[in-house]
Amino acid sequence: MHVSQHLEIMLTICFSIEALDIPKTAGAQDKIETKIERLKTCTG
């Protein structure tokens with residue numbers, strides 16, 4: 071498996087989890103910040 075493919079899968083999983091974690095009532099800015107934090111966690 072290529073590294074890029076693996077990374078893509080990881081990010082897809084991360085964003086899927088993230089989408090479930092964020093309440094729909096959260097503000098757009100909060101969502102963006104959470105996404106960035108989650109991205110940092112996922113990409114190590």
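According to our numbering, the sequence shown is numbered sequentially starting from 71.
By construction, the Cβ of each residue, glycine as well, lies at the ideal position given by its N, Cα and C atoms.
All figures in this text were calculated on a predicted structure; none of them were measured in a lab.
Quick one: Cα of residue 76 to Cα of residue 86, how far?
Taking the first residue of the sequence shown as 1, we reach residue 76 at position 6. Taking the first residue of the sequence shown as 1, we reach residue 86 at position 16. Computed Cα separation, rounded: 15 Å.
Backbone secondary structure at residue 76 - three-state DSSP
Here residue 76 is taken as the residue at index 6 of the sequence shown, counted from 1. Helix, per DSSP.
Distance check for residue 100 and residue 81, CA to CA, integer angstroms please.
In the sequence shown, the residue the question calls residue 81 occupies position 11. In the sequence shown, the residue the question calls residue 100 occupies position 30. For residue 81 and residue 100, the distance between alpha carbons rounds to 19 Å.
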